[in-house]
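Written below as structure tokens is the structure these notes are about.
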Amino acid sequence: MNKKLLFTAAAIPAALIVPTVVGAEVANTVTVTGNNIVNETLKASIENLPANSIVNGYQWYYVDGSSDSTNKPISGATTASFTIPVEAAGKAVFVEATTTNGAKYKSEPRTIKELQLSITAPKINSSSNYAVPDELVQVAGAMVTDDAGAKLQSSQITYSYQWFYKVGESFTIIDGATNDTYRIPKDALEKGIKDIIVKVKAKVGSSFVESDVSDVITVSNEPSDSMITEIQTLLLNDNKYNVTSLESFKAEVTALESKYQALSTPAKANVTNYDVLKRAVADVELISKLNEKVDKVNEVEEKDLPKYLKEIEEAYTKFDLLQRSLDLNDALYNSIKNILIDPSHIEEFKEVRRLNQAIVALLAYENSFAKYVPTSIESLQTAVETIEKDIAKLSQNYRATVQNQTILSDAKSDIKKVEQFIKLFDKLSQNDSPSKQVTTAKSIRTSYEKLTYKQLQLVPAKYISTLLQAENAENSQIDRLNIEIESYVGDADESYPIDPSVTTWQSHVNNVNRIINEYKGLTKNSAAKIVGYDSIVTLQKDFKAAEKIIKDMDAYQKLSETPGVAESKLKTNYTNVLKAYNKLTSLQQSLVYNANDFLLNTPNVTVDLNGKEPADKAAALTLKADVDKLADVTKYTFAQFESAVNAATTKYKNLSSAGRKYVTNYYLLTAASKDLSGVKSFHKKVQTAREETDATKQAKKIQTVQTAYAKLPANQQYLAKQQYEDLLNHRLEDGNAPDITKLNNEIAKIVSNDTYTVSMEKINELSTQYNKLSSSDKKRITNASILTTAVSDMKKVESFIKTYEKSFVSSPTTVIKAFAKLTSKQMSLVSPEMRQSIIDKDKDQQQSNEIALKLIESINSLLVKGEYIDDLETKVKEIRAAYDDLSASEKSIVKNYSTLTTAESDLKKVAEVHALYVPSTDDNAAARKAWQTAYGKLSKKVEILYKQMYANDL
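For the sequence shown, the working numbering begins at 175 and goes up steadily by one.
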């Protein structure tokens, strides 16, 4: 094989390569297969071309003469396949194939069959055999086919139309009517266009075919006219349908509605009384549905029956006279009357009055407070449930007349709140720690104080007892801690009332730490009852300060017993420990149990001057003896101590350097000098406080002096004591100084048995006193929380009193509701006179109002089985006058007031329709028509009333 040829051929589709067929007969022509019919497909075959020919193009031609130059190539026909177009009908076609080397091969011509068209007669689409003026009619049918077998496509067929109308016995064209639709002129009948036909012509390619004419359709108003006539038969008059049975009438209007909907839009527009048919359809539907609802009344549950019956009654009431004419012989109306059974007014009213009294009897009043007669939540619950069950047995109308049902709702709310309060005790257990019991009790107490007086009376006494026990759970602990603190600090001034030793030291430290830890575990209120806590904290600190000195003294003792220790080292150690000891306060020194052993074990100091004695040795030894005396300050007054220190200091300065070495206790003189300086500084503070002339300011300065005195070392405290006590004993008297104890006791007494025992003015007075206290004095008021709650309650009561003064006369209910929201303690702050006035007004509103109840009964009597009583107008006027005389609160009881207003409205309607009445005469047809129209709109109930009042009109 030629590789170059193979390569070239690889780029050409395999289907175009003609294989070499060994032994086949070769003809240098292209063959064509397929039917020679329009829309069929012809296919070129190249099997007879020379071997290895590669075809790369086709062209189909129309044969147009004997010369190739006159043959016409068919546009777009350039593939092996050729779908025969309609233009090819009756023509000869052939195909030419071209190879890659330019060789051309032709097929034999194929002659395409001529089209033999036929068309069916057209039809005119219309809603009936008639067409009404202005109706748009359309051509249908006119199917085109080829008898030669071509399967024509709709896109290949072109239609043209011509409409004709009949003139005499012939038809003439209608100018311009050349579309597949034709709108009949509105004035067609006036123009004589009564019968119309249409003819259709179809073209396929160059072939034509013309149809026969369509059947005649007549232009007429007959569909609309006959519909109008049939609708007119539905009515006997404007207020009555022509009905013999609902079923047959329903079938009739249903058929007419279907017939109407089948009309064309112009025909529908000509049916001028269609509203009558439309309404008849709707009215039949309403009556039929109401009949079905009445038939199902026995399937309704008892609880839903009142509402169901009311819906039935209201539905029928809305029917006008025309609609009610479908209710033949008032069959539906009578059925409804029979199922609307009136309640037994007399028995129900008796029950309402009994229930009113039972509700009021749930409350009792004493000391201007309201409380429940049942004393437990169980008994109150039973009473409320019993009353509510009896109310539920009443008919719907009478349930609303039971008064004071707010008492029942309040009782249920109070029961729920008390149950919630009791539930809080589930969190309280005697197995809990005292502090946890007190904390839980505090939370319960907060809820307890939010209860109203009525609610409090329902709380069982055992829960109050449990609450008190929990609140006092820390009392025994408080008493024990106070005794222990007293035993440790007492009235400690210069020394603590304990005598610690090396064996008891740690137990004392442990006890003090335990006392402080227990204090920290107490609740805030309990901690406030601990006396001397600050002193025990000071003792804890003093133990730590003393412990260091004790350890240093023990270390010195061991050092002094150690052989070979240098005198200088021993002296230095002793001096340092002594200095530290002298810095302790008197109370701290009282804890140093080894101080005496230390002080008696002074170190020996040898003075070595190489055998040379100074001339002032004797003076130095005398001075040393004087300095030893300074160690015991209790032998001196401050003035004496000052004189002795100054004299010793002068003598020491006058000694020679060698003589001073014999004053081996010079450190005592140094310490004495510091003590003297410290006392002088303290005396200045005392003098400043003593010179203050304002008692209040002096008191603050004395507090500063007291703090400074407590921090002085023991020796300085002794030396400063005289002036310190003189200051305290001669302080200025402050006539305005608060009596903390008295104030605390007065606050404790403002509450007793969950009520306040003092007036709001007294609470305000105590609050003013408390607010003037210093922050430190306020901490001493252990009953401050009682006062804080009282002030909060007082503000709420003041707000309530403003509401009372503003609204009690005009809107007492508002005040009563606000009063009921006050807690028990808050209520006690309201004056007895004000409380009593509220209770009296509340009781007035709770009393059964016989006038209002009788009025309800009178209003109900206006109707008997849905129809008004005779002489309705007179009765309505009497009831209206009685109702207008009621108070606003009494009017609110009359829940059936709408029945009265409806009766008044119906009387007005009857009067208005009667005012239109005129007798039937020839000259007043319009006025008579107006009366009949108005009368026809009356409901059944009002129609019957009209007949009662104006029977002669009918």
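Note that beta-carbon positions come from the ideal geometry of N, C-alpha and C, so glycine has one too.
This structure is a prediction, so every number in the text was calculated from the model and none was measured.
Check                                                                                                                                                                   : Outcome
With a CB to CB cut of under 6 Å and the five nearest residues on each side skipped, what residues in its chain are close to Y1109?                                     : V1087
Count the CB pairs spanning the segment 989 to 996 and the segment 919 to 933 that are closer than 8 Å, and state whether there are at least three.                     : no
Thinking C-beta only, is Q555 closer than 8 Å to I589?                                                                                                                  : yes
Note down, one range per segment and in chain order, each alpha helix (DSSP H) of at least 4 residues found wholly within the segment 573 to 659.                       : 579 to 597, 608 to 622, 627 to 630, 635 to 645
Roughly how far, in whole angstroms, is the beta-carbon of A863 from the beta-carbon of K875, given that I think they are within contact range, below 8 Å?              : 4 Å
According to DSSP, simplified to helix, strand and coil, what is Y335?                                                                                                  : strand
What does DSSP give as the partner residues of S281 in its beta bridges?                                                                                                : V204
Under the three-state reduction of DSSP, which class applies to T780: helix, strand or coil?                                                                            : coil
In this structure, does DSSP put V807 in helix, strand or coil?                                                                                                         : helix
Which whole-angstrom value describes the C-beta separation of S329 and K375, a residue pair presumed to lie in contact below a C-beta threshold of 8 Å?                 : Actually they are not in contact, since the Cβ atoms of S329 and K375 sit about 17 Å apart, beyond 8 Å.
Among the candidates D494, T392, S398, L696, whose CA atom is the shortest distance from the CA of D412?                                                                : D494
Between Y840 and the rest of its own chain, which residues show a CB-CB distance below 8 Å, the 5 nearest in sequence each way excluded?                                : V801, Y826, R834
Return yes when the Cβ of A277 is within less than 8 Å of the Cβ of A218, no when it is not.                                                                            : no
Suppose contacts are defined by Cβ-Cβ distances below 8 Å. Is I937 in contact with I924 by that definition?                                                             : yes
Find the nearest neighbour of V819 within the set Y415, N353, Y670, L893, judged by alpha-carbon distance.                                                              : L893
Is V196 helix, strand or coil by DSSP?                                                                                                                                  : With a pLDDT of only 35 at V196, under 50, the local geometry of the prediction cannot be trusted, and the value read off the model is given with reservation. Coil.
Hey, how far is the Cα of D908 from the Cα of V711?                                                                                                                     : 31 Å
With DSSP collapsed to three states, give me the class of Y1124.                                                                                                        : coil
Using the beta-carbon count (16 or more within 10 Å), is A316 buried or exposed?                                                                                        : buried
Take the Cβ of A1125 as the centre, count every other Cβ of all protein chains shown within 10 Å, and call the residue buried at 16 or more, exposed below.             : exposed
Go ahead and pull the three-state DSSP assignment for P397.                                                                                                             : helix
Run through the segment 682 to 728 for me and flag every whole alpha helix (DSSP H) of 4 or more residues, listed as ranges in chain order.                             : 698 to 701
Under 8 Å: do the segment 609 to 628 and the segment 551 to 565 share three or more Cβ pairs, one atom per stretch?                                                     : no
Per DSSP, K414 forms a beta bridge with which residues?                                                                                                                 : N411
Rounded to whole angstroms, what's the CA-CA distance from T867 to L886? Just pull it up for me.                                                                        : 26 Å
Looking at C-beta atoms only, is the number of pairs between the segment 959 to 979 and the segment 1003 to 1017 that lie closer than 8 Å three or more?                : yes
Under 8 Å between the Cβ atoms of L1037 and T575?                                                                                                                       : no
Would you give the residue range spanned by the alpha helix (DSSP H) that Q896 belongs to?                                                                              : 888 to 903
Can you list, in chain order, the residues of its chain with a C-beta nearer than 8 Å to that of E522? Leave out the 5 residues immediately preceding and following it. : L568, S569, Y572
By the 10 Å Cβ neighbour count, where 16 or more other Cβ atoms means buried, how is K999 classified, buried or exposed?                                                : buried
State the Cα-Cα distance for the pair L733 and I690, rounded to the nearest angstrom.                                                                                   : 37 Å
Are the beta-carbon atoms of L843 and T823 separated by less than 8 Å?                                                                                                  : yes
Classify Q312 as helix, strand or coil using the three-state DSSP reduction.                                                                                            : strand
Express the C-alpha separation of Y539 and K545 in angstroms, rounding to a whole number.                                                                               : 6 Å
If you compare alpha carbons, which of D1080, L696, D1016, D782 is closest to S542?                                                                                     : D1016
Buried or exposed for T355, going by 16 or more other Cβ atoms inside 10 Å?                                                                                             : exposed
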